[in-house]
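Participant: So that we are looking at the same thing, I have put the structure below in structure tokens.
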Amino acid sequence: MDLKSNHTSPVLTDTAPMSNSRLGIHSAIRPYPTNGPAFSSNLFLTIPRKKSGILDDVRSSLFDTMKSSSPTHNMLTKESSTETALSDSDLAYRHWLLKYPSALASFEQIAKNAKGKRIALFLDYDGTLSPIVDNPDQAYMSDTMRAAVSNVAKYFPTAIISGRSRDKVYEFVGLNELYYAGSHGMDIMGPVRPFSSDYKNCIRSTDKQGKEVNLFQPASEFLPMIEEVFRSLVEITKDIVGAKVENNKFCVSVHYRNVEEKSWSTLGDYVNDILKQYPRLRLTHGRKVLEVRPILAWDKGKAVEFLLESLGLMNSDEILPIYVGDDRTDEDAFKVLREANRGYGIIVSSVSKESDAFYSLRDPSEVSQDPFLNFTSTSCHGIPQDPGEMEEEKHDTLTFEYGVV
């Protein structure tokens, strides 16, 4: 089937709203509404044809979008007042913390709300478990972070949902006890369970240890197209110094962190020129990265819902999902938890920005200090103490009983 067209491709940042879920926390605790639009099983977004002149508007605004999606700290000159600049920055961040309190400082409140509930933990990778680095191939997580994630997975079902390919993020993390979702949730490997007819692209497979798993790839038909776009982008950007094109299986990432700002507009034009041929692909933005993705009503929020259903935790008032992430694509997961009045989103950011998250952490070093990641069998009351009992009951019956932490 020929998937190309001469029509221009849309540039989108938002996807369709998510389904409402049963409440995980009493509505009195959460200051936002519980009702939301119903979920449609049709995964494909309906995108109107572009009118003439729209592409010019997209081109003219792309450079500004690239800058706004890649915030940088103000550079101080000899003439500027360091004390004043730092004071202004600190003031803005402290004001922001009033709306998005520190998850570290708020742990007692979170733990009280989690009393008697089973926690499911979802984590982004880049900027959350690992620092943002110049070379995306060297975004390694620290040994301390790996130990913390490995530890929490002993007590709570834990998944990593990343924009990277699933195989790549697994290579970075290297922990078998986690669940992994790559390509912004378009490539999920989860436990074997029966699913509703909404998940038509779910097949039985095996993981690297030979264990039987469910493999869900809702964008599987786009794979040849993504491969083609990847090769085209590598070729067209090869003369832009510092540009790096990354194949993340069901999406393509064009990194411009190491590209001089004067070349950003040219790079954006190149990407748009390629996308004109693919009306079923869209362009989104991250932290100094342009991402080419299928036009599909699937994102990290949908991935959270899929994994909860995979674990048999979707329709239970006793589940408390927690999602920790730092980038725009994580907002889809934050939005699912907020609109369903269920669980907490925690945004990782050292700068103030609007979010659907509920709490915040400043950077990956604070993530590694989060009490949930450093959870131990003596942290709270009511946790099975015998190792055999723990292995048998983890991920199924473990509840959180708030005590002295």
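Start counting the sequence shown at 157; every next residue gets the next number (the working numbering).
The beta-carbon is built from N, C-alpha and C at its ideal position, and this holds for glycine as well.
1) Taking three-plus beta-carbon pairs below 8 Å as touching, is the region 321-334 in contact with the region 415-430?
2) Which runs of the beta strand (DSSP E) at least 3 residues long sit entirely within the region 394-463? Give them in chain order.
3) Suppose contacts are defined by Cβ-Cβ distances below 8 Å. Is V504 in contact with V523 by that definition?
4) By DSSP, does I288 sit in helix, in strand, or in coil?
5) Which one of P313, E384, P347 and P380 has the shortest CA to CA distance from K367?
6) Do you know whose CA, among A513, V507, L529 and F528, lies nearest D244's CA?
7) Counting pairs of beta carbons, one from the region 254-268 and one from the region 508-521, are three or more of them closer than 8 Å?
8) Helix or strand or just coil, what does DSSP make of V214?
9) Within its chain, find whatever has a CB closer than 8 Å to the CB of R302; leave out the 5 residues flanking it on each side and keep chain order.
10) Quick one: what does DSSP say A303 is sitting in, helix, strand or coil?
11) Can you tell me the Cα-Cα spacing of I275 and T300, whole angstroms?
12) Determine the direct distance from the alpha carbon of I396 to that of D429, and round the result to whole angstroms.
13) Would you give the residue range spanned by the alpha helix (DSSP H) that V390 belongs to?
14) Alpha carbons only, please: which of A259, K394 and L247 is nearest the one belonging to D519?
15) Would a C-beta distance cut-off of 8 Å place V385 and Y426 closer than the cut-off?
16) Where does E264 sit, in a helix, a strand or coil, going by DSSP?
17) According to DSSP, which residues form a beta bridge with N370?
18) Please list the terminal residues of the continuous beta strand (DSSP E) segment that includes F312.
19) Using three-state DSSP, classify L247 as helix, strand or coil.
20) Leaving aside the five residues before and after F378 along the sequence, list all residues of the same chain whose C-beta is less than 6 Å from its C-beta, in chain order.
21) With H, G and I counted as helix, E and B as strand and the rest as coil, what does DSSP make of K491?
22) Where does Y326 fall in DSSP's three states?
Facilitator: Reading it off the structure:
1) No, they do not touch.
2) 400-403, 408-411, 437-442 and 445-450, all fully within the region 394-463.
3) Taking the first residue of the sequence shown as 1, we reach residue 504 at position 348. Taking the first residue of the sequence shown as 1, we reach residue 523 at position 367. Yes, Cβ-Cβ distance for V504 and V523 is below 8 Å.
4) Residue numbering aside, residue 288 sits at position 132 when the sequence shown is read from its first letter. Coil.
5) Numbered from 1 along the sequence shown, position 211 holds the residue referred to as residue 367. The option with the nearest alpha carbon to K367 is P347.
6) Locating residue 244 in the sequence shown gives position 88, counting from the first residue. Per the Cα distances, V507.
7) In this structure the region 254-268 lies against the region 508-521, because at least three pairs of beta carbons, one per stretch, are closer than 8 Å.
8) Position 58 of the sequence shown holds residue 214. Its pLDDT being 45, under 50, V214 is placed unreliably by the model, and nothing is read from it.
9) For the purposes of this step, residue 302 is taken as the residue at position 146 of the sequence shown. Around R302, the same chain offers V329, G330 and L331 as residues with beta carbons nearer than 8 Å, after the five sequence neighbours per side are excluded.
10) Translated into positions along the sequence shown, residue 303 becomes position 147. Residue state, collapsed to three classes: helix.
11) The residue you call residue 275 lines up with position 119 of the sequence shown. The residue you call residue 300 lines up with position 144 of the sequence shown. Distance between the alpha carbons of I275 and T300 is about 22 Å.
12) Locating residue 429 in the sequence shown gives position 273, counting from the first residue. Locating residue 396 in the sequence shown gives position 240, counting from the first residue. D429 and I396 have their C-alpha atoms some 15 Å from each other.
13) On the sequence shown, position 234 is the one that residue 390 refers to. Residues L379 to I392.
14) If you number the sequence shown from 1, residue 519 lands on position 363. When each option's Cα is compared against that of D519, the closest is A259.
15) Numbered from its first residue, the sequence shown carries residue 385 at position 229. Numbered from its first residue, the sequence shown carries residue 426 at position 270. Going by C-beta atoms, V385 is not nearer than 8 Å to Y426.
16) Translated into positions along the sequence shown, residue 264 becomes position 108. Assignment of E264 by DSSP, reduced to helix, strand and coil, places it in the helix class.
17) Along the sequence shown, one-based indexing puts residue 370 at 214. DSSP links N370 through a beta bridge to G346 and R360.
18) Locating residue 312 in the sequence shown gives position 156, counting from the first residue. For F312, there is no enclosing beta strand (DSSP E), since its DSSP letter is neither H nor E.
19) Along the sequence shown, one-based indexing puts residue 247 at 91. The answer is helix: DSSP assigns L247 an H, G or I state.
20) For this step, residue 378 is matched to residue 222 along the sequence shown. Taken in chain order, the residues that qualify are P450.
21) Taking the sequence shown and counting its residues from 1, one reaches residue 491 at position 335. In the structure shown, K491 sits in a helix (DSSP, three-state: H, G or I).
22) One-based indexing of the sequence shown puts residue 326 at position 170. Y326: helix per DSSP, three-state reduction.
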